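A short worksheet on the structure shown next.
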Amino acid sequence: MRLPRRVPWASLAELDQVCSWIYADENDLDAKVLAINRLAAWKATTTIPHALESALSILTVIVQDASAQGSSSFLSLRQAYAAAIIRLVNGLVDPLQLGAYARSIASIAAQLGLPAWLVELRHAATHEDLPSIDVLREAARDSMSWLLHHYFIPALNPSNIEPSKAPKLRPLYPVLAQYKSLLKSTNRDASLRTKYKQEITKVLRDIERWISEAKLASDITSAALDLDDTQADDDIDDVDPREWSALNRLCDHLLEKGGLVPVSKKKRSPSNTFDPSSSLLAIWSPLLTHIHAHHPSFPSILISRLITVIIPPDQDSPSHPPVETISLNVEDDSNTRDLSYELCIASWAHWMVESFVCSSGEEEEDRRSRRANAVASLVSGIGMAKKSNETDHRAAQHLLKVLCAKDPNMQQASHLLLQPITSSTPSWTASDLTTMSERLDTLLAASESRSTPEDQSTTITTITTTELELPKGWKLLDSVRDGWRPTPIGVSCFS
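This is how it looks when you write it as structure tokens:
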């Protein structure tokens, strides 16, 4: 549940009045002074949003500029304009530096819809020559226009604003393909590790930046609803919905053929311990470890996503919408499910549960907890699935069997779930039809020889009064006195 948000205005009417003072008439300085006074009073009593603070700073400079007609002291105005615009851009961009590695201000501003030239002006005013007064005045007007359309209007009419389309994410598959190529080269020739060290570090930073962009582009409302619907363990309960959405999209990219699962079916076979092959671990375990170092909830999210893949979704319920991705191998972009793919996914789930070190001080109790959460998800998924075909659950059932092998209690419980369901189709013969005909004749004969309802009620009443002793407060209904009559189940027994 979202906590209440504290705002400086008593009602939206006050905010609407301030908005009208600012934007109703561009040349009405008296109205702008009223808006400055109201915003300054709000700022003195409580913390105001960054948008209002920026509006106050820019308005103050605009009024000073209009009041200083004929003055030759433009340097102070230029500095005031530049400071207000720099604070506006920095205040909007800095809170969105969510990743471990800094992103360019231009990329974040593009996702916010902030004009790119304001970012360039901010850079020039900070590191280069101070822009001219005319350029700064135009920047102030564009800044106030941006605040109107991106803050005041949405704040005053939240129900009338159409949800904005999420910014389109740059594709991740080229970065993953580059990472995969570099790791293959260094694994084949250890002497190349020093040569490619900087390139690998750059690729890891690009992946981390992509995660930050995905967090910014995610819809926090839908992400929160999806997170509530996810059967997650305790490690995911406290995750920010945006981070959960971004990491879940990353998992979808990793699970494409050519990622954690090789395109060649010969390379998908798990090892004797039901872990991925040593070549797959050598390529992808460094990336998984790197992501976990910056996102502690990543192992739990990946395990949950792996289990979701190997358990077929219920046909009667909407499944999780797939993320539009492109295979890392251009020769194979088919997403057809097959048993080798699911077994490879199951082996990665087993390795994440049993062998992946989530922290340096991890204890066996933490591993058992992770195993119990995975087993619970498998049991729930297999039990709720409606498909009865044995091959649909083969990978999930094998993973459940392997995970439960180390715990006697889990092993006994899983044995009951994994028992095969015998459903043989009966083959009808002529003797079966003869038996059914004989039973039908017997039922018809009994129906013809039974007594009338009145006779039955009299007989029952006689038996009840002479042989049965009803508990206190109970009585037997009579057809004459109470209108009771014998009827099939589901039909009213009162005439």
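In UniProt numbering, the protein residues as written are 1 to 495. Backbone N, C-alpha and C fix where the C-beta goes; we use that ideal spot for every residue, glycine too. Quantities reported herein were computed from a predicted structural model and do not represent experimental measurements.
With at least 16 other beta carbons inside 10 angstroms of its own, N373 counts as buried. By the neighbour-count criterion, in which a residue is buried when 16 or more other Cβ atoms sit within 10 angstroms of its Cβ, N248 is buried. The three-state secondary structure of W284, taken from DSSP, is helix. For the pair of segments examined, the segment 172-181 was found to touch the segment 200-213: the number of CB pairs separated by less than 8 Å reaches three.
The segment 112-127 and the segment 76-93 touch, with three or more beta-carbon pairs separated by less than 8 Å. In the three-state scheme derived from DSSP, where H, G and I count as helix and E and B as strand, V119 is classed as helix.
In the structure shown, K257 adopts extended strand secondary structure according to DSSP, grouped into three states. If you draw a straight line from the Cα of S377 to the Cα of S304, it is about 8 Å long. The Cβ atoms of V353 and L280 lie no closer than 9 Å to each other. With at least 16 other beta carbons inside 10 angstroms of its own, T308 counts as buried. Less than 9 Å divides the Cβ of V93 from the Cβ of L112. With a 10 Å radius around the Cβ and a threshold of 16 neighbouring Cβ atoms, I489 comes out exposed. Burial state of R481 is exposed, judged by a 10 Å Cβ sphere holding fewer than 16 other Cβ atoms. Note on L29: under 16 other CB atoms within 10 angstroms of its CB, so exposed under the neighbour-count rule. Taken through DSSP and simplified to helix, strand or coil, W484 comes out as strand. With fewer than 16 other Cβ atoms inside 10 Å of its own Cβ, S278 counts as exposed. Taking C-beta atoms under 8 Å as the contact rule, A84 and L147 fail to qualify, at a distance of about 12 Å. If the five residues before and after K32 are omitted, its C-beta is found closer than 8 Å to the C-beta atoms of W21, I22, L59, I62 and V63, all from its own chain and listed in chain order.
Distance from the CA of A445 to the CA of G473, rounded to the nearest whole angstrom, comes to 39 Å.
Shown here, I36 sits in a helix according to DSSP, grouped into three states.
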